[in-house]
Amino acid sequence: MPARRLVIIGGGVAGLSAGCYARMNGYDTVVLEQHTIPGGLCTSWRRQGYTFDGAIRYLTGTHPASKSHRLWEELGVLEHRPIHYYEEFSCYEGRDGRALHLYTDVDRLEAHLLALAPGDRRLIDDLTDAIRQFRRMELPVDLTPSDAQEMLALGQGVFPVLLPILRWRDDSVTSFAARFRDPLIREALPEFFQFSPPDFPMMILLTTVANMHDHEAGY
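Quick note: the working numbering has the sequence shown finishing at residue 233, numbered continuously throughout.
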């Protein structure tokens, strides 16, 4: 029986992962990459003792108990590699001299925001409560859409956070920040994702901090 052949265009994370799994499943596989090194956009380099990374700021699936961690283990990505977890994801210094720290610990973040803007307690509670709720969401990573049992598993993973999803699905970071009375928070929140479009979804901010709180997203 002739070998099954597969040509993959691009040697980034997706292409390399597809190539590895294709080989695991018996395909004769070729990955074509125009650069001299693999990695695609997920590439960093060192200069004079400093690491420059123009790609990821964190990798989801670093917690050993998470479903996506198994994929990285199968691909050999995390083996013998230390994972660093941020105490704060970013920091913004405002025009008034104050600084807003986007702490990855939700309790610390809540206390920090309340100290900065006690008059915005209701919005701060909304923000930090949502982060805590999204900690309960975990989607299956090897879903087969035609498998009814796996579709049920998907529903079970989403159901605990169904109401928060409905609550936040149409909110952008910019629109949410505009509701704050405190000028620093209004100014800072959108700047944490300054290279993203103006309608950058709040749900990404919420799930990012939730994952970092649980050490599910590290570097």
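Here a beta-carbon is modelled for each residue, glycine too, at the ideal position from N, C-alpha and C.
Short Cβ contact (8 Å threshold) for residue i with residue j
i, j, result
"SER82", "GLY90", "no"
"LEU198", "LEU130", "yes"
"VAL120", "ARG146", "yes"
"LEU55", "GLY26", "yes"
"HIS227", "ARG150", "no"
"LEU116", "GLU101", "no"
"SER80", "GLU152", "yes"
Rounded C-alpha distance that separates residue i from residue j
i, j, result
"VAL21", "VAL44", "5 Å"
"HIS94", "PRO52", "20 Å"
"ALA36", "LEU127", "48 Å"
"LEU114", "LEU141", "15 Å"
"THR50", "SER58", "14 Å"
"SER104", "MET38", "39 Å"
"GLY40", "ALA17", "8 Å"
"LEU137", "ARG84", "37 Å"
"PHE206", "ASP67", "17 Å"
"SER5", "PRO78", "Nothing in the structure corresponds to residue 5, since the chain is present only between 15 and 233."
"THR65", "ARG112", "29 Å"
"ALA144", "GLY63", "39 Å"
"ALA125", "ARG71", "25 Å"
"PRO96", "ASP139", "34 Å"
Same chain only: Cβ atoms within 6 Å of residue i, ignoring 5 sequence neighbours per side
i, result
"ARG19", "ASP42"
"ALA191", "ARG200, LEU203 and PRO204"
"GLY29", "ILE22 and VAL45"
"ALA92", "A small fix is needed here, since residue 92 is Leu in this sequence, not Ala. Result list for LEU92: TRP86, in chain order."
"ALA230", "According to the sequence as given, residue 230 is Glu; it is not Ala. Cβ within range, chain order: HIS77 and SER80."
Nearest candidate by alpha-carbon position, reference residue i, set the options
i, options, result
"GLU47", "ASP143, GLY133, PRO96 and GLY24", "GLY24"
"ALA87", "ILE70, SER31, VAL223 and GLU124", "Checking the displayed sequence, the identity of residue 87 turns out to be Glu instead of Ala. Per the Cα distances, SER31."
Nonlocal neighbours in the same chain, by C-beta distance under 8 Å from residue i, ignoring five residues either side
i, result
"ASP134", "LEU127, PHE194, ARG195, ASP196 and ILE199"
"HIS98", "GLY232 and TYR233"
"VAL223", "PHE103, LEU116, THR118, VAL120, LEU123 and ILE145"
"MET60", "The sequence as given places Arg at residue 60; Met does not occur at that position. The residues are PHE66."
7 Å CB neighbourhood of residue i in its chain, flanking five on each side removed
i, result
"VAL187", "LEU203, PRO204, PHE207, PHE214, MET216 and LEU219"
"GLY33", "ILE22, THR43 and VAL45"
"PRO178", "ALA144, GLN147 and PHE148"
is_contact[residue i, chain D] using C-beta, thresh 8 Å
i, result
"GLU88", "In the structure shown, chain D does not exist; there is a single protein chain."
Practice prompt. Kindly confirm or deny that the region 210–218 and the region 173–186 touch, where touching means at least three C-beta pairs closer than 8 Å.
Written response: yes
Practice prompt. May I ask you to verify whether the region 186–202 touches the region 95–111, counting CB pairs closer than 8 Å and requiring at least 3?
Written response: yes
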